[in-house]
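Protein chains in written order, with the working numbering: chain A, 21 to 327; chain G, 5 to 137.
Everything on this sheet refers to the single structure shown next.
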């Protein structure tokens, strides 16, 4: 099996659907993205100002054939982060921590994440974490320090990070709501326009595939408040596959999952979990490293398959 | 038109049943939980057009999408998917917990009216219950 070839095929398929917004280079089992040219490569040896890791969609509690051991694969992801060769400044889990929002599943995933070797662990909820209580159990487990229905922001190494909740009050797509939009507007008002902005959400803030609910109905308004900033990077989960897109000053990156793959947009009637042939599951799962170096306008992302 | 569409769905459900049965033959441990509801699905689906008191959640769809009942009927939803789903009334009058594979949820409709609902996890899934006096 050739993991590089596999990934390249997947990426080519992505490109065929959506047109290439971002170029990818595949090297040594890692996918490294550059935006439009060599800027990132030139600065590759400068020491990053900020380094963090992203995991997503661990779905603790899922027991179906696509992955009968989601706790095992999430455990591998944690180990992989703990062996990056450096201590990430923080780790973000972009939602669907649990599969069914049960208290036991929240306990389990929270306990597992205490094994992450990093000073800070951040989360945003997925719709699986707010199945029947508008996110109350999620906020009990992970909501410390958040405001409203669980959103928050913080500054780290000169970067401003905003963590949004778009899995409540769903009609068809993800939804932020008036209170949260007001929060974003006020939150960034004091910042100078050259402050790099990173936004976390579970559901994509761009229209990845609205027919399956892969978009957020009022994201345009939130992104409007960020239009004056020279660098805005949005990282999301939910879709269980890598994808990226640039719209003006904003670049969106969908992350993969540690649990099970979903079909590519429009591939079949519904986003049902996919059962891969034996031995192929880890190729579809993974973690993401993100780094920012002062003076650059883009973040460097490195996708790692689950080992 | 409705019946034709429904028959097509039944065929798909039966085909899925066969596929699952094939899986459980080769991997009994992983699929033993799903083989039973699938078997009962293939029996009940053809006899339940738009009246009755059962709604299946199958392939990210409520089947039938519109159910017609008399006031006082208790409707039972059964999740046949590997994915969890919910049944959440658009007017807030009922809301199931998260339903895992094989889980059921029931709600009694005392009065006439049309009740639209979605799955709150996958809100592109729509259904409605039409209650007559």
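Virtual Cβ for every residue (Gly too), placed ideally from N, Cα, C.
Item, Value
"Just the Cα atoms here: how many angstroms apart are residue 4 of chain G and residue 132 of chain G?", "In the structure displayed, chain G extends from 5 to 137; residue 4 of chain G sits before or after that span and is not available."
"To the nearest angstrom, how far is it from the Cα of residue 312 of chain A to the Cα of residue 175 of chain A?", "13 angstroms"
"With a threshold of 6 angstroms on Cβ separation, who are the neighbours of residue 56 of chain G within its own chain once the five nearest residues in sequence on each side are excluded?", "none"
"Measure the CB-CB distance between residue 76 of chain A and residue 121 of chain A and report whether it falls below 8 angstroms.", "no"
"Would you call the stretch 283–296 of chain A in contact with the stretch 66–75 of chain G, where contact means no fewer than 3 C-beta pairs closer than 8 angstroms?", "no"
"Per DSSP, which residues does residue 218 of chain A bridge with? Please list them.", "A:181, A:253"
"Throw me the rounded Cβ distance for the residue 258 of chain A and residue 115 of chain A pair, which I believe falls under 8 angstroms.", "7 angstroms"
"Determine, using beta carbons only, whether residue 267 of chain A and residue 220 of chain A come nearer to each other than 8 angstroms.", "no"
"Counting only runs of 4+ residues fully inside the stretch 269–309 of chain A, write out the alpha helix (DSSP H) ranges in chain order.", "301–304"
"Any C-beta of chain G sitting closer than 8 angstroms to the C-beta of residue 343 of chain A?", "Outside the displayed range of chain A (21 to 327) lies residue 343 of chain A, so it cannot be described from this structure."
"Name the chain G residues whose beta carbon is nearer than 7 angstroms to that of residue 232 of chain A?", "128"
"Compute the Euclidean distance between the alpha carbons of residue 172 of chain A and residue 135 of chain G, then round it to the nearest angstrom.", "44 angstroms"
"Since residue 101 of chain A contacts residue 108 of chain A with CB under 8 angstroms, what's their CB separation in whole angstroms?", "7 angstroms"
"Under a CB-based cut-off of 8 angstroms, is residue 9 of chain A close to chain G?", "Because chain A is modelled from 21 through 327, residue 9 of chain A falls outside the range shown and cannot be assessed."
"Where does residue 263 of chain A sit, in a helix, a strand or coil, going by DSSP?", "strand"
"Quick check for students: name the residue ranges of the beta strand (DSSP E) that lie wholly in the stretch 83–133 of chain A, counting only runs of 3 or more.", "110–113"
"Please check if any C-beta of chain G sits within less than 8 angstroms of the C-beta of residue 170 of chain A.", "no"
"Answer yes or no: do residue 73 of chain A and residue 117 of chain A have a C-beta to C-beta separation smaller than 8 angstroms?", "no"
"Using DSSP's beta-bridge definition, name the partner residues of residue 74 of chain A.", "A:112, A:308"
"Do you know offhand how far residue 128 of chain A's Cα is from residue 162 of chain A's?", "13 angstroms"
"Could you check if residue 22 of chain G is buried or exposed, using at least 16 other CB atoms within 10 Å of its CB as the buried criterion?", "Because residue 22 of chain G carries a pLDDT of 38, less than 50, the predicted location of this residue cannot be relied on, and the following value inherits that uncertainty. With fewer than 16 other Cβ atoms within 10 Å, it is exposed."
"Would you verify that the beta carbon of residue 124 of chain G is, or is not, closer than 8 angstroms to some beta carbon of chain A?", "yes"
"Less than 8 angstroms between CB atoms is the rule here; does residue 119 of chain G satisfy it with respect to chain A?", "no"
"Are residue 4 of chain A and residue 169 of chain A touching if we call contact CB-CB under 8 angstroms?", "No information on residue 4 of chain A is available, as it lies outside the stretch 21 to 327 that chain A covers here."
"Is residue 211 of chain A close to the ligand GTP? I mean its beta-carbon at under 7 angstroms from any heavy atom of the ligand.", "The ligand GTP is absent from the structure shown, which contains no ligands of any kind."
"Would you mind listing the beta strand (DSSP E) stretches within the stretch 143–204 of chain A that are 3+ residues and don't spill past its ends, in chain order?", "172–176, 179–183"
"Any residues in the stretch 88–103 of chain G with a beta carbon nearer than 8 angstroms to a beta carbon of chain A? Which ones, in chain order?", "88, 90, 99, 100, 101, 102"
"Taking only beta-carbon atoms, is residue 63 of chain G less than 8 angstroms away from chain A?", "yes"
"Which first and last residues belong to the alpha helix (DSSP H) in which residue 102 of chain G is found?", "Where residue 102 of chain G is concerned, there is no enclosing alpha helix (DSSP H), given that its DSSP letter is neither H nor E."
"Specify, as a first and last residue, the run of the beta strand (DSSP E) that residue 58 of chain G falls within.", "58–61"
"Between the beta-carbon of residue 1 of chain A and the beta-carbon of residue 273 of chain A, is there less than 8 angstroms?", "Look at the range of chain A in this structure, 21 to 327, and you will see that residue 1 of chain A is not part of it."
"Excluding the 5 residues preceding and the 5 following residue 51 of chain G in the sequence, name in chain order all residues of the same chain whose CB lies nearer than 8 angstroms to its CB.", "Residue confidence for residue 51 of chain G is low, a pLDDT of 38 falling below 50, so the modelled location carries little weight and cannot support an answer."
"Counting only Cβ pairs nearer than 7 angstroms, list the residues of chain G close to residue 190 of chain A.", "124, 127"
"Residues of chain G with CB under 8 angstroms from residue 257 of chain A, in chain order?", "Neighbours of residue 257 of chain A on chain G: none; closest Cβ ~14 angstroms, over 8 angstroms."
"Out of A:316, A:326, A:309, point me to the one whose CA is closest to residue 300 of chain A's CA.", "A:326"
"Between residue 193 of chain A and residue 233 of chain A, is the Cβ-Cβ spacing less than 8 angstroms?", "yes"
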